[in-house]
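Accompanying notes for the structure given below.
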Amino acid sequence: MPFHRLVPPILTAALCLCVVACGHAVQYDADLGALVRQSAEGTLLGPGDVFEVRVYREPDLSGVFQVAPDGTVDFPLVGNLRIEGLTSSQAALTLRTRLLDGLLNDPFVTVQVKEFQSKRIYVLGQVERPGTFRYEEGMSVVQAVTLAGGFSKTSRPNATVVTRIVNGTETRSEVPVEDISRGRQKNFYLRPGDIVFVPESLL
Numbered sequence: 294m295p296f297h298r299l300v301p302p303i304l305t306a307a308l309c310l311c312v313v314a315c316g317h318a319v320q321y322d323a324d325l326g327a328l329v330r331q332s333a334e335g336t337l338l339g340p341g342d343v344f345e346v347r348v349y350r351e352p353d354l355s356g357v358f359q360v361a362p363d364g365t366v367d368f369p370l371v372g373n374l375r376i377e378g379l380t381s382s383q384a385a386l387t388l389r390t391r392l393l394d395g396l397l398n399d400p401f402v403t404v405q406v407k408e409f410q411s412k413r414i415y416v417l418g419q420v421e422r423p424g425t426f427r428y429e430e431g432m433s434v435v436q437a438v439t440l441a442g443g444f445s446k447t448s449r450p451n452a453t454v455v456t457r458i459v460n461g462t463e464t465r466s467e468v469p470v471e472d473i474s475r476g477r478q479k480n481f482y483l484r485p486g487d488i489v490f491v492p493e494s495l496l
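Taking the numbering used here, the leading residue of the sequence shown gets 294, the next gets one more, and so forth.
In structure tokens:
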């Protein structure tokens with residue numbers, strides 16, 4: 294597949310965080326497959342994200358594209374198209390609508406996100422390499438901690454807190470990561486923008 298790469302995005306982030314452990318009930322997603330589908334459908338495309346377009350029986354229109362820093366993509370026949378802020382389904386519908394405009398008869402278009410380069414998760418606190426990491430579909434809290442080099446010797450893994458914005462409201466969930474890694478609890482899956490904070494041991 295051709296890779297239509299546009300100008301590489303310039304990503305900057307500044308974060309100021311103060312996390313207080315709370316007694317919110319731990320929330321788990323039991324079905325990874327359902328979560329991945331929900332994530333793919335609900336996550337908005339942004340600059341730097343890489344996605345694959347497939348137009349049925351139109352190989353010249355199918356390929357892998359990257360969203361430019363201005364939120365657009367240069368698509369064959371269609372030209373410059375704004376993609377930023379759309380889900381994969383909305384992007385497919387937008388492309389189909391433009392192709393219907395005197396170009397193709399009833400095209401079947403699918404869009405699959407390959408890399409969410411514009412989406413990040415944050416792992417802070419008592420881990421070996423705290424910092425910002427690229428979000429991937431179906432990413433679990435265990436994966437995030439692993440990316441951060443694992444827990445430090447002074448950490449409290451089972452008191453890990455995940456902070457998430459849901460419909461404009463900040464929520465915090467205490468996640469027993471050690472129990473999850475040992476198979477005692479169901480996994481906890483992250484979403485773009487989540488902040489994983491590992492507190493220090495009380496001892």
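Even glycine gets a Cβ: it sits at the ideal position worked out from N, Cα and C. Remember, it's a predicted structure, so these values are computed and weren't measured experimentally.
{"Check": "Starting from the Cα of valine 404, find the closest Cα among Leu495, Val491, Val468, Tyr349 and give me that residue.", "Outcome": "Tyr349"}
{"Check": "Taking Cβ positions, are tyrosine 415 and valine 489 nearer each other than 8 Å?", "Outcome": "yes"}
{"Check": "Measure the beta-carbon distance from valine 459 to valine 468 and round it to whole angstroms, keeping in mind my assumption that it falls under 8 Å.", "Outcome": "So it is not a contact: roughly 15 Å between Cβ atoms."}
{"Check": "Kindly indicate which residue of Glu471, Ile376, Gly443, Thr464 has the alpha-carbon position closest to the one of valine 406.", "Outcome": "Ile376"}
{"Check": "Return the Cβ separation of threonine 336 and lysine 412 in integer angstroms, given the expectation that the two are a contact with Cβ distance under 8 Å.", "Outcome": "7 Å"}
{"Check": "If you run the structure through DSSP and keep just helix, strand and coil, what is arginine 347?", "Outcome": "strand"}
{"Check": "Compute the Euclidean distance between the alpha carbons of tyrosine 482 and methionine 432, then round it to the nearest angstrom.", "Outcome": "6 Å"}
{"Check": "Do leucine 386 and leucine 370 come within 8 Å of each other at the CB atom, strictly closer than that value?", "Outcome": "no"}
{"Check": "How far does the alpha helix (DSSP H) with arginine 391 in it reach, from first residue to last?", "Outcome": "381 to 393"}
{"Check": "So is the beta-carbon of glutamine 436 under 7 Å away from any non-hydrogen atom of the ligand NAD?", "Outcome": "This structure lacks the ligand NAD, and indeed carries no ligand of any kind."}
{"Check": "Going by beta-carbon coordinates alone, are leucine 379 and leucine 417 separated by less than 8 Å?", "Outcome": "no"}
{"Check": "Name the DSSP bridge partner or partners of threonine 453?", "Outcome": "Val468"}
{"Check": "Taking the beta strand (DSSP E) that glutamine 436 belongs to, which residues open and close that run?", "Outcome": "It is not in any beta strand (DSSP E) - glutamine 436 instead sits in the alpha helix (DSSP H) that spans 434 to 440."}
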